[in-house]
Structure formats: structure tokens, C-alpha cells
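For the record, in the sequence shown the residue sitting at position 1 is 0 according to numbering that gives the first Met the number 0, with numbers rising by one throughout.
For each residue, glycine too, the CB sits at the ideal point set by N, CA and C.
Working notes, structure below.
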Amino acid sequence: MNEELLLEILKQYRKQYNHVNEISRITRELETALQRNDTVSVQLLLGMRGEEMAEADGCRKNIRILSENVQEEDRERMERLLCAEPEVIRMEEGLTRQESSFLNQISDMHQKIKGILKAVVEVDKVLSKRLAGEKSYYVS
0 MNEELLLEIL KQYRKQYNHV NEISRITREL ETALQRNDTV SVQLLLGMRG EEMAEADGCR
60 KNIRILSENV QEEDRERMER LLCAEPEVIR MEEGLTRQES SFLNQISDMH QKIKGILKAV
120 VEVDKVLSKR LAGEKSYYVS
């Protein structure tokens, strides 16, 4: 595996984490604005949140492009290890200490991002139903 590539992927995960954190913060502000019936703030916050979502999506795309930028025989291994649990990484043979460290940090970032997004989706379900009613994305 390539340490420089893993470092670049880690940088993209860190950027994505920052954007996802900002999405979470804006979503909480959006909830407050809705409770106050402040439609101007709601519109502004929805726009800001959309911009952060686009940035986070850009990081995700960059991660995919970077992980595809390895030789074919290494691609499957790379994809498997990028989101692996620390135990799996520890058991993987042929990794340098630095590669293992980067993979563990990537795994940690991935789990944190997943947790934040799960919480954001729960709040967003409530907000969407309040805003759109029966036309909400979350109404089946």
C-alpha cells in the first residue's frame, strides 16, 4: 500500500468530518429557527446546509477517486481496509506501522462521520415532516 495515498485519503476524511460537523450544527440551528417560525433564517440555513452537503459529497468523491487510483490487484484490499475495524487492520499482514496508523485513523473518522450523520438524519426526519408534511421525503 502507499503511505502518501493513505495520508491524502485521511486528509479528505478529515475535511469531510469537518463538513459533516457543520451540517450537524446547521441542522440544530434550523430546528431552532423552525420552532421560532423564522422563515428567513430557515431559508438561509437550508442554503448553508446544502453548501456543506455539497462540500462533504466532494470529499467523498475525492476519496473514491483516490482509492481507485491504485493498481487493480491492490484496489480490493484498499477498499476493504479503508473502513475496516481496528481488529481487522491489526490482523492484516504486510502493512507498515505508518500504513496501519493511517488506516486506523481513517477507520475512526469513518465511524465518527457515520455517527454524526445518523443523528442528523433523525433530526432531519422530524424537520422534514414538520416542513413538508405528507410531501416529506421520509413519509412512505
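message: If I follow the unbroken alpha helix (DSSP H) through Gly46, where does it start and stop?
response: Numbered from 1 along the sequence shown, position 47 holds the residue referred to as residue 46. 38-67 is the extent of the alpha helix (DSSP H) around Gly46.
message: Taking the alpha-carbon of Arg59 as reference, which of Glu30, Arg76, Val19, Asn1 has the nearest alpha-carbon?
response: On the sequence shown, position 60 is the one that residue 59 refers to. Comparing Cα positions, the closest option is Val19.
query: Three-state secondary structure (DSSP) at Leu94?
result: The count along the sequence shown starts at 1 and reaches residue 94 at position 95. DSSP places Leu94 in coil when its eight states are reduced to three.
- prompt: For the region 34-45 against the region 63-73, are there 3 or more C-beta pairs whose distance is under 8 Å?
  reply: no
Given Gln66 as reference, the closest of Leu102, Glu84, Val125 once Cα atoms are compared: Against the sequence shown, residue 66 aligns to sequence position 67. The sequence given here has Ser at residue 66, not Gln. Nearest option by C-alpha distance: Leu102.
Beta-carbon separation (whole angstroms), Leu142 vs Arg96, contact threshold 8 Å: Given a span of 0 to 139 for the chain in the structure shown, any question on residue 142 remains unanswerable.
query: Could you check where the alpha helix (DSSP H) with Ser23 kicks off and where it finishes?
result: Your numbering for residue 23 matches position 24 in the sequence shown. First-last of the alpha helix (DSSP H) with Ser23: 2-34.
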